[in-house]
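Quick note, our numbering runs 273 ahead of the 1-based positions in the sequence shown.
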Amino acid sequence: MWLVQRLPQAGSRIAWPKHVARWLPALPALLFLAVFFIVPVVEILQGGLYDADGVLSVAQFARMTHSAVYIKVLGSTFWIAFLTAALSVLLGYPVAYLLARLSARSRERWLLWIVLPFWTSYLVKTYAWMLLLSKTGLLTTLATHLGLLDSAGTLAPSMTGVLIGMVHAMLPLAVMTMLPIMRGINMQLVQAAQTLGADRSTGFFTVFLPLSGPGAAAAGLLVFITSLGFFIVPALLGSPRESMVAQLVISSVLELFDLRFAGALSTVLLLCSIVVFFVYDRVVGLSSLAGEAPERRAGAGGRMLPVLMSVGRLAGELSFSRGSERAGGGLGLKAYTWAVVLALVLPIAFVVPLAFTKQSFVSFPPELFTIKWFVAFLESSVWQAALWRSLGVGFATAALALVLGFGASLALVRLPSRWRKPLFAVFIAPLIVPRIVVAVGLLYLFARWELAGTNAGLVIGHTVLAIPYVVVTLSASFKRFDWRLDDAAKMLGASAFTRVRTVLLPLLAASLGSAFLFAFIVSFDDLTIAIFVSGGINTTLPKQMWDDIQLAVTPTLAAVATSLVFLMVFVVWLSSIFKRKSY
Numbered sequence: 274m275w276l277v278q279r280l281p282q283a284g285s286r287i288a289w290p291k292h293v294a295r296w297l298p299a300l301p302a303l304l305f306l307a308v309f310f311i312v313p314v315v316e317i318l319q320g321g322l323y324d325a326d327g328v329l330s331v332a333q334f335a336r337m338t339h340s341a342v343y344i345k346v347l348g349s350t351f352w353i354a355f356l357t358a359a360l361s362v363l364l365g366y367p368v369a370y371l372l373a374r375l376s377a378r379s380r381e382r383w384l385l386w387i388v389l390p391f392w393t394s395y396l397v398k399t400y401a402w403m404l405l406l407s408k409t410g411l412l413t414t415l416a417t418h419l420g421l422l423d424s425a426g427t428l429a430p431s432m433t434g435v436l437i438g439m440v441h442a443m444l445p446l447a448v449m450t451m452l453p454i455m456r457g458i459n460m461q462l463v464q465a466a467q468t469l470g471a472d473r474s475t476g477f478f479t480v481f482l483p484l485s486g487p488g489a490a491a492a493g494l495l496v497f498i499t500s501l502g503f504f505i506v507p508a509l510l511g512s513p514r515e516s517m518v519a520q521l522v523i524s525s526v527l528e529l530f531d532l533r534f535a536g537a538l539s540t541v542l543l544l545c546s547i548v549v550f551f552v553y554d555r556v557v558g559l560s561s562l563a564g565e566a567p568e569r570r571a572g573a574g575g576r577m578l579p580v581l582m583s584v585g586r587l588a589g590e591l592s593f594s595r596g597s598e599r600a601g602g603g604l605g606l607k608a609y610t611w612a613v614v615l616a617l618v619l620p621i622a623f624v625v626p627l628a629f630t631k632q633s634f635v636s637f638p639p640e641l642f643t644i645k646w647f648v649a650f651l652e653s654s655v656w657q658a659a660l661w662r663s664l665g666v667g668f669a670t671a672a673l674a675l676v677l678g679f680g681a682s683l684a685l686v687r688l689p690s691r692w693r694k695p696l697f698a699v700f701i702a703p704l705i706v707p708r709i710v711v712a713v714g715l716l717y718l719f720a721r722w723e724l725a726g727t728n729a730g731l732v733i734g735h736t737v738l739a740i741p742y743v744v745v746t747l748s749a750s751f752k753r754f755d756w757r758l759d760d761a762a763k764m765l766g767a768s769a770f771t772r773v774r775t776v777l778l779p780l781l782a783a784s785l786g787s788a789f790l791f792a793f794i795v796s797f798d799d800l801t802i803a804i805f806v807s808g809g810i811n812t813t814l815p816k817q818m819w820d821d822i823q824l825a826v827t828p829t830l831a832a833v834a835t836s837l838v839f840l841m842v843f844v845v846w847l848s849s850i851f852k853r854k855s856y
C-alpha cells in the first residue's frame, strides 16, 4: 500500500527532486560528449602508451626524442603557435580597446567587418594568401620592387608567410575574446586615477591594462591552443622547415597507416593543451572565457607595475589623444583599427575578381568578365556532390548541436554556482582541445563502429566541435533572460515543457537563430574531421577544395572560394539581424 501511494498515477507528471530536475536538461549533452569526445580522447592516450601486443610501452614517445626531425617539428609547432598568439593579442588589443569604448551601434558595424573574415573558410583565406605571397604574387612583387626582398626571395613558402596566414586567421578570435572583458571594465576607475593626478597613459597602464589582463590571457590561450592543431596554413604557405605536428599526424594516418604513432603525437598536443589550460585557470580563471571579468587576485599587476608605467610614459601620447573619452578613441587608434580591418578583409576580397577572369589560369590583374568558372563549379558532379553533402551535414549538425546546447545552457543557469564551472569546462572542452586530437580520436572510435565515411559520422564529429559555440552563445542570452516570466507561467500551472515551448523558445528565438548559424558554419567549414571521417570518394566541400588546391591553383577554385565568401556574407548578415532582435 505504501508503494502504491507513491507511484505516479496514469497521466500525472513525474515529480523529480529539485536538484535532479536541474541536471536533466544537461544530461543529453553530457552523454553525447562522454561517448564521442571523452572516450575517443582517452583512447588516444591509451593508443600511444600501448604497443601492438597490448603491452604498456613508451616506445612511440621515445621515437620522437630519438629523431632530430620530430624534435624540430615539435619545437617549430610550439614556436609558431606562441608567435601567433603573441602577435594576435598585441595587434588585436588596440582594436578591442577601441570597440569597447564605442557605442553599441558603432561597435556592431565594426564587428561585422571583423566577424566576416573570422567565419570565412580557412581554405579561402589561405588560398588568398597563396595568390598574394607566392613568388609571382602581388605582395611579393611589390616587396621586390621596393627593395624589401631580393629578386630570388619570396614571402611564401616561408616562416613569414605562415605567420601572416595564421595571424590573419586568429586575430579576429583574439579581438572577440578580449572585447567582453574590456566592456565590463568601469571606465570611471580610470577617470578616478586621473582625478588623483595620473596622466592618461599612467591611468591606462595602472588601471585598465591590469583589469583587461584576463581577457588578453584568454585570447592568448585560445589562439595558442587552436594554433597547435593548425595544418592548412603551414602546409600551403610554409616550407618543410615550418612543418607542424598536425601535418605529421595526418601523414602518419593517411600515408604511413601508423595509428599508434599518430596517437602519441596527438597525446603530446593534448597534454600541452591541458597544462596550458590548467595554468591559465589557476592564474586568471575560467570565467573569462565566458566573457566575465573575474575578481582581481591579491597583488595582481603589482609585479609588472614599474615596467608598465615606464612603457606608458613613452607610448601614452601615441595611443591616447585628448578628447578620446568623448569620441570613443583617438584619431590614431581609429586609423590603426581601420588598417587592421582592411588587412583582414582585402585578402579575401582579392579572390573575388579572379573568379571572373577570362583566362584559364590565375593572374593579376585578371581579364574580366566571364562566369564560366562558376558554371564549371555548379555543373561538375564532383563539386555538386561535395556541396550538397556539406549543406546536408551542416544543417543536421546545427540542429543536433542546438538541441544539445540548449539543454546544456539551461542547466548552467539553473544549477548551483559550485557546479557551473566544472560543467562549463566540460561543454567548452572541444574548443580547448586541438581539433586534430578530436579527429584522430574519432577515427579510432568510428573504425570500430563502422561510422567512418558516413554522413552520420560527420554529423557526430561536427556536433562535438559545434556544441561549445552554441553553449557560449546561448549562455549569454540566458543570463539576460527575465526569469520572472518563467516564474509567472509556473504559477499559472504550466509544466516545464510547456514553459520552454511557450516562454523560453519564443523569447530566445533570435539567439537560437544565431547559435544555429554558428553551428552550421563550424560544420560547413571543417576540414580536420572531414579528412579522417568523410571517406575517400564522397567528400565535403572543404575536403574537395583541399584536394584540388594541392594540385593546382585554378580559376575554378577562385569561383568556389568566391561562392563561399558570398555565403559567409549572407550568414553574417542573418546573424546580425538575429543579434539585433535579441536585444
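By construction, the Cβ of each residue, glycine as well, lies at the ideal position given by its N, Cα and C atoms.
Which term fits V648, buried or exposed, when burial requires 16 or more other beta carbons within 10 angstroms of its beta carbon? exposed
First and last residue of the uninterrupted alpha helix (DSSP H) at T338: 332 to 339
To which residues of the same chain is Q467 closer than 6 Å at the C-beta, ignoring the five residues directly before and after it? G476
Length-filtered (4 minimum) alpha helix (DSSP H) runs lying within the region 366 to 426: As far as the region 366 to 426 is concerned, its whole alpha helix (DSSP H) runs of at least 4 residues are 377 to 392, 395 to 406, 411 to 418.
Can you tell me whether L641 is helix, strand or coil according to DSSP? Correct three-state label for L641: strand.
Determine the contact status of M517 and I705, defining contact as a CB-CB distance below 8 Å. Pairing M517 with I705 gives a Cβ-Cβ distance that is not under 8 Å.
Given G726, which residues of its chain have a CB within under 6 Å of its CB, disregarding the five upstream and five downstream residues? Counting only Cβ-Cβ distances below 6 Å, and skipping sequence neighbours, we find G808.
So for T827, helix, strand or coil by DSSP? coil
Taking 8 Å as the cut-off, decide whether the C-beta atoms of A783 and R772 are in contact. no
Under three-state DSSP, which class holds L781? coil
List the endpoints of the continuous alpha helix (DSSP H) containing D760. 756 to 764
Nearest candidate by alpha-carbon position, reference R708, set Q319, G665, Q520, W661: Q520
Decide if the region 494 to 503 is in contact with the region 443 to 458; the criterion is three or more beta carbon pairs, one per stretch, under 8 Å apart. yes
Buried or exposed by the 16-neighbour rule on C-beta atoms within 10 Å, applied to V713: buried
Suppose the cutoff is 8 Å on Cβ atoms and the five residues either side in sequence are ignored; what does the same chain contact list for V845 look like? L385, V388, L389, W392
Looking only at C-alpha atoms, which of Y323, L529, M460, I621 sits nearest to A831? I621
Note down the Cα distance separating V463 from R374, rounded to an integer number of angstroms. 13 Å
How would you write the range of the alpha helix (DSSP H) that L469 sits in, first residue to last? Element bounds for L469: n/a, residue is neither H nor E.
Residue range of the alpha helix (DSSP H) that includes Y717: 708 to 722
Give the DSSP-derived three-state secondary structure of V584 in the structure shown. Since pLDDT at V584 reaches only 35, below the 50 mark, its modelled position is unreliable, and the value read off the structure follows with that caveat. V584 falls in the helix class under three-state DSSP.
Under 8 Å, do F481 and I458 count as touching if we go by C-beta distance? yes
Where L428 falls: helix, strand or coil (DSSP): coil
Cα-Cα separation between T433 and G680, rounded to whole angstroms: 44 Å
Looking only at DSSP bridge pairs, what is Y323 linked to? L329
Using the beta-carbon count (16 or more within 10 Å), is W900 buried or exposed? Outside the displayed range of the chain (274 to 856) lies residue 900, so it cannot be described from this structure.
For A862, I'd like the list of residues in its chain whose CB is within less than 6 Å of its CB, leaving aside the five on either flank, ordered along the chain. Residue 862 cannot be examined here, being either before or after the span of the chain that is shown, 274 to 856.
Quick one: is Q817 buried, meaning 16 or more other Cβ sit within 10 Å of its Cβ, or exposed? Buried, by the Cβ-count rule.
CB of S500 within 8 Å of CB of V522, strictly: no
Using the Cβ count rule (16 or more neighbours within 10 Å means buried), how would you classify R599? At R599 the pLDDT is 40, less than 50, meaning the model places this residue with poor confidence and gives no usable figure here.
Taking 8 Å as the threshold (C-beta atoms), are V440 and T350 in contact? no
Excluding the five sequence neighbours on either side, which residues of its own chain have a C-beta within less than 6 Å of the C-beta of V613, listed in chain order? V368
Taking Cβ to Cβ, would you say F789 is nearer than 8 Å to L675? Less than 8 Å separates the beta-carbon of F789 from that of L675.
Could you check the C-alpha separation between L677 and I505 for me, to the nearest Å? 30 Å
In this structure, how does DSSP classify T727 when only helix, strand and coil are distinguished? Coil at T727, not helix or strand.
I need the straight-line Cα distance from S848 to G667, nearest angstrom please. Taken atom to atom, the span from the alpha-carbon of S848 to that of G667 is near 16 Å.
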